[in-house]
Amino acid sequence: TSQPKMGSGRQNSRKRGFGNSEFFAYNLAAKEKGANEFRKRWGDRKLEDNWRRLDSQSFNTFDDEDVEEEEEKEITDAERKRALVDVPSTPASLEKANAAIEEALYDLGVAFRGAVKNYQKSVDALEKLVVRYPQSEKILDVYYYLYLSYSDLGNSSKAEYYKNRIIQEFPDSRFAKALQDPNYFASLKDENNSVELYYDNTYELFDNGEYVNVKNRIAESETLFGKENAMKAKFGLLSAMVTGAEEGKKGYIKALQDVITRHPDTPQQIRAQEIMRFLKGDSDAFEVVEIKEVDNIFDLEENKLHYVAIVVYESDNEKFTDAKIAVSNFNKKYYRTKKLQISDIFLNRDEGSQIILIRKFKNMKESMDYYDTVEKNKVDYIKGTEVAFDVYPITQRNYRKIISERSASKYRVFFQKNYKNK
Numbered sequence: 062t063s064q065p066k067m068g069s070g071r072q073n074s075r076k077r078g079f080g081n082s083e084f085f086a087y088n089l090a091a092k093e094k095g096a097n098e099f100r101k102r103w104g105d106r107k108l109e110d111n112w113r114r115l116d117s118q119s120f121n122t123f124d125d126e127d128v129e130e131e132e133e134k135e136i137t138d139a140e141r142k143r144a145l146v147d148v149p150s151t152p153a154s155l156e157k158a159n160a161a162i163e164e165a166l167y168d169l170g171v172a173f174r175g176a177v178k179n180y181q182k183s184v185d186a187l188e189k190l191v192v193r194y195p196q197s198e199k200i201l202d203v204y205y206y207l208y209l210s211y212s213d214l215g216n217s218s219k220a221e222y223y224k225n226r227i228i229q230e231f232p233d234s235r236f237a238k239a240l241q242d243p244n245y246f247a248s249l250k251d252e253n254n255s256v257e258l259y260y261d262n263t264y265e266l267f268d269n270g271e272y273v274n275v276k277n278r279i280a281e282s283e284t285l286f287g288k289e290n291a292m293k294a295k296f297g298l299l300s301a302m303v304t305g306a307e308e309g310k311k312g313y314i315k316a317l318q319d320v321i322t323r324h325p326d327t328p329q330q331i332r333a334q335e336i337m338r339f340l341k342g343d344s345d346a347f348e349v350v351e352i353k354e355v356d357n358i359f360d361l362e363e364n365k366l367h368y369v370a371i372v373v374y375e376s377d378n379e380k381f382t383d384a385k386i387a388v389s390n391f392n393k394k395y396y397r398t399k400k401l402q403i404s405d406i407f408l409n410r411d412e413g414s415q416i417i418l419i420r421k422f423k424n425m426k427e428s429m430d431y432y433d434t435v436e437k438n439k440v441d442y443i444k445g446t447e448v449a450f451d452v453y454p455i456t457q458r459n460y461r462k463i464i465s466e467r468s469a470s471k472y473r474v475f476f477q478k479n480y481k482n483k
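Take my numbering: the last position of the sequence shown gets the number 483, and nothing is skipped along the way.
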């Protein structure tokens with residue numbers, strides 16, 4: 062067999078018609094179409110190996126000379142120091158930062174459990190503390206709060222876990238003794254550790270400005286002495302006072318309103334009302350008034366025509382208008398057929414106190430019926446207007462006297478004795 066001659070392959074190729082081949086490299090139309098599609102998808106790339114790699118130098122379609130290289134600026138020592146100023150750089154500063162985080166987690170856990178009643182968030186914060194700071198000085202309290210919150214969440218296995226940790230790691234603590242002996246706290250009362258003494262010690266901490274400890278003890282008081290203990294209202298008012306010390310006037314007023322709602326017909330409710338009136342601009346809120354003095358000023362006229370005077374303390378025009386609208390809406394809802402009239406007047410312009418006057422009622426009984434309706438339906442009465450107010454049924458004669466005195470503080474005592482407590 063003869064060997065093929067050199068060049069015969071090229072000749073055969075031409076014979077097989079490569080010029081008309083459908084393979085794109087030999088078909089100019091197909092080749093151009095493919096090139097266009099390539100450019101649409103991948104851009105106008107240089108021909109090089111490994112072009113699909115993400116780190117290819119030619120991923121950018123611009124030529125080098127078209128790109129101005131940005132000169133890198135070195136960071137100065139001053140800039141570096143400013144950037145790292147809040148980053149702990151010494152063992153002492155690191156310890157301080159950790160102490161702040163630990164305290165913040167603890168305060169969050171206590172606040173979510175006590176004030177907010179969000180047991181899950183309390184657990185979340187305290188569990189983080191246990192993981193990050195297992196040697197914390199507060200770890201016993203943390204275990205106990207976790208035990209209480211898991212119990213409230215119905216997670217008995219986790220509650221039992223922390224109960225056992227308390228008993229095993231702190232066997233001589235009062236928590237361990239209480240968890241093992243239901244009568245433990247009852248026996249403490251026989252040792253002069255009563256709820257009254259507990260409250261006095263807590264108040265002393267408040268006087269010393271130890272607000273975190275005060276909040277902890279208040280939250281703990283219900284567990285130690287029961288939810289309906291004799292000092293419940295006092296603890297409530299003390300809690301509001303802590304809020305005032307930490308959050309200022311706005312938070313204080315809100316907390317006092319909570320005391321007024323939660324502890325009706327208690328000395329603490331009256332005290333909370335006095336404090337709130339004072340915060341809202343009533344300079345006579347704490348004035349001590351003798352019963353004989355008010356009896357000499359005001360007259361009890363049960364069968365005479367009555368008004369209802371709503372004394373609004375330190376409100377701007379917008380808030381006072383909102384209060385008037387709220388009263389009007391209340392009257393339409395509960396006294397539609399009564400056709401009550403509303404007017405207003407300044408009681409003390411210097412202090413910003415004003416009166417919304419509702420007229421008129423045939424006698425003391427009718428005006429007190431209105432007062433009782435307000436008390437039973439407070440959710441519909443001047444709620445959310447951010448004003449402090451008092452509601453007083455009053456005769457025309459006595460109304461003129463409080464306008465003359467520019468204060469309702471003395472009438473408040475008269476009203477308590479002759480209307481509310483009658």
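No residue lacks a Cβ here, since even glycine has one placed at the ideal position from N, Cα and C.
Open item on the list: Considering Cα atoms alone, identify which of F407, G312, Y395, E354 is closest to Y432.
Closed with: For this step, residue 432 is matched to residue 371 along the sequence shown. It is Y395.
Task: Option in R174, K385, R410, N424 with minimal Cα separation from K444 - done: If you number the sequence shown from 1, residue 444 lands on position 383. The shortest Cα separation from K444 among R174, K385, R410, N424 belongs to K385.
Task: Backbone CA spacing between T434 and K393 [nearest angstrom] - done: Counting from 1 along the sequence shown, the entry for residue 434 is found at position 373. Counting from 1 along the sequence shown, the entry for residue 393 is found at position 332. Here the C-alpha atom of T434 lies approximately 13 Å from the C-alpha atom of K393.
Task: Counterpart residues of A370 in DSSP-defined beta bridges - done: The count along the sequence shown starts at 1 and reaches residue 370 at position 309. Residue pairing by DSSP puts A370 in a beta bridge opposite L418, Y453.
Task: Three-state secondary structure (DSSP) of S218 - done: Stepping through the sequence shown from its first residue, residue 218 is reached at position 157. When DSSP states are grouped into helix, strand and coil, S218 belongs to the helix group.
TODO: Inspect the beta-carbon positions of S197 and L207 and report whether they are closer than 8 Å.
DONE: As a first step, residue 197 must be located in the sequence shown, where it is residue number 136. As a first step, residue 207 must be located in the sequence shown, where it is residue number 146. In terms of Cβ geometry, S197 and L207 do not form a close pair [threshold 8 Å].
- [ ] Label P325 either buried or exposed according to how many other C-beta atoms from any shown protein chain fall within 10 Å of its C-beta, with 16 as the threshold for buried.
- [x] Taking the first residue of the sequence shown as 1, we reach residue 325 at position 264. The residue is exposed, with fewer than 16 neighbouring Cβ atoms inside 10 Å.
Task: Where Q402 falls: helix, strand or coil (DSSP) - done: Position 341 of the sequence shown holds residue 402. Three-state DSSP puts Q402 in a strand.
- [ ] Count the CB pairs spanning the segment 397-407 and the segment 454-463 that are closer than 8 Å, and state whether there are at least three.
- [x] Contact between the segment 397-407 and the segment 454-463 is absent, because fewer than three Cβ pairs lie under 8 Å.
- [ ] Could you check the C-alpha separation between F475 and I463 for me, to the nearest Å?
- [x] The residue given as residue 475 occupies position 414 in the sequence shown. The residue given as residue 463 occupies position 402 in the sequence shown. Each residue's Cα considered, the two are about 12 Å apart.
- [ ] Look at V184 and S210 and say whether their C-beta atoms are less than 8 Å apart.
- [x] For the purposes of this step, residue 184 is taken as residue 123 along the sequence shown, with counting starting at 1. For the purposes of this step, residue 210 is taken as residue 149 along the sequence shown, with counting starting at 1. Yes; because the gap between Cβ atoms is below 8 Å, this pair is in contact.
Open item on the list: Give me, in chain order, the residues of the same chain whose beta-carbon lies closer than 6 Å to that of E131; leave out the 5 immediate sequence neighbours on both sides.
Closed with: In the sequence shown, residue 131 corresponds to position 70, counting from 1. Confidence at E131 is low in this model, with a pLDDT of 46, below 50, so the placement of that residue should be treated as unreliable; the coordinate-derived value is given next. Within the same chain, no Cβ atom closer than 6 Å to the Cβ of E131 is found once the five residues on either side in sequence are excluded.
Open item on the list: Spatial neighbours of Y223 within its chain, please: C-beta separation below 8 Å, excluding the five flanking residues on both sides.
Closed with: Looking up residue 223 in the sequence shown gives position 162. Listed in chain order, the non-local C-beta contacts of Y223 below 8 Å within the same chain comprise Y204, Y205, L207, Y208, Y211, local neighbours out to five positions each way being set aside.
Open item on the list: Suppose contacts are defined by Cβ-Cβ distances below 8 Å. Is R338 in contact with Y374 by that definition?
Closed with: Locating residue 338 in the sequence shown gives position 277, where the first residue counts as 1. Locating residue 374 in the sequence shown gives position 313, where the first residue counts as 1. Yes, these two residues count as a Cβ contact at 8 Å.
Task: Three-way DSSP call (helix, strand, coil) for F476 in this model - done: Here residue 476 refers to the residue found at position 415 of the sequence shown. In the displayed model, F476 falls within a helix according to three-state DSSP.
Open item on the list: So for L166, helix, strand or coil by DSSP?
Closed with: Locating residue 166 in the sequence shown gives position 105, counting from the first residue. Reduced to three states, the DSSP call for L166 is helix.
TODO: Quick one: grab the DSSP three-state call for N225.
DONE: To locate residue 225, count along the sequence shown from 1; it is residue 164. N225: helix per DSSP, three-state reduction.
Task: Given E412 as reference, the closest of V171, S376, Y272, N482 once Cα atoms are compared - done: On the sequence shown, position 351 is the one that residue 412 refers to. Among V171, S376, Y272, N482, the Cα nearest to that of E412 belongs to S376.
- [ ] Using three-state DSSP, classify L207 as helix, strand or coil.
- [x] The residue given as residue 207 occupies position 146 in the sequence shown. Look at L207 here: in three-state DSSP terms it is helix.
Task: V440 versus F381 - alpha carbon distance - done: Sequence index remark: in the sequence shown, residue 440 carries index 379 (1-based). Sequence index remark: in the sequence shown, residue 381 carries index 320 (1-based). When rounded, the separation of the alpha-carbon atoms in V440 and F381 is 18 Å.
- [ ] Using beta-carbon positions only, say whether M292 and E257 come within less than 8 Å of one another.
- [x] Start at 1 with the first residue of the sequence shown, and residue 292 comes out as number 231. Start at 1 with the first residue of the sequence shown, and residue 257 comes out as number 196. In this structure, the beta-carbon distance from M292 to E257 falls below 8 Å.
Task: Limits of the unbroken alpha helix (DSSP H) element including F391 - done: Within the sequence shown, numbered from 1, the residue matching residue 391 stands at position 330. 378-395 is the span of the alpha helix (DSSP H), which, as asked, contains F391.
Task: Residues of its chain near Q329, where Cβ-Cβ distance is below 7 Å and the 5 sequence neighbours each way are ignored - done: Locating residue 329 in the sequence shown gives position 268, counting from the first residue. The beta carbon of Q329 is closer than 7 Å to those of A294, K295, G297, L298, V320 in its chain, skipping five residues each way along the sequence.
TODO: Put F407 into one of helix, strand or coil per three-state DSSP.
DONE: Working through the sequence shown from its first residue, we reach residue 407 at position 346. When DSSP states are grouped into helix, strand and coil, F407 belongs to the strand group.
Task: Boundaries (first-last residue) of the alpha helix (DSSP H) holding I279 - done: For the purposes of this step, residue 279 is taken as residue 218 along the sequence shown, with counting starting at 1. Taken as a continuous stretch (DSSP letters only), the alpha helix (DSSP H) holding I279 covers 272-286.
Task: N- and C-terminal bounds of the alpha helix (DSSP H) containing G297 - done: Start at 1 with the first residue of the sequence shown, and residue 297 comes out as number 236. 293-308 is the span of the alpha helix (DSSP H), which, as asked, contains G297.
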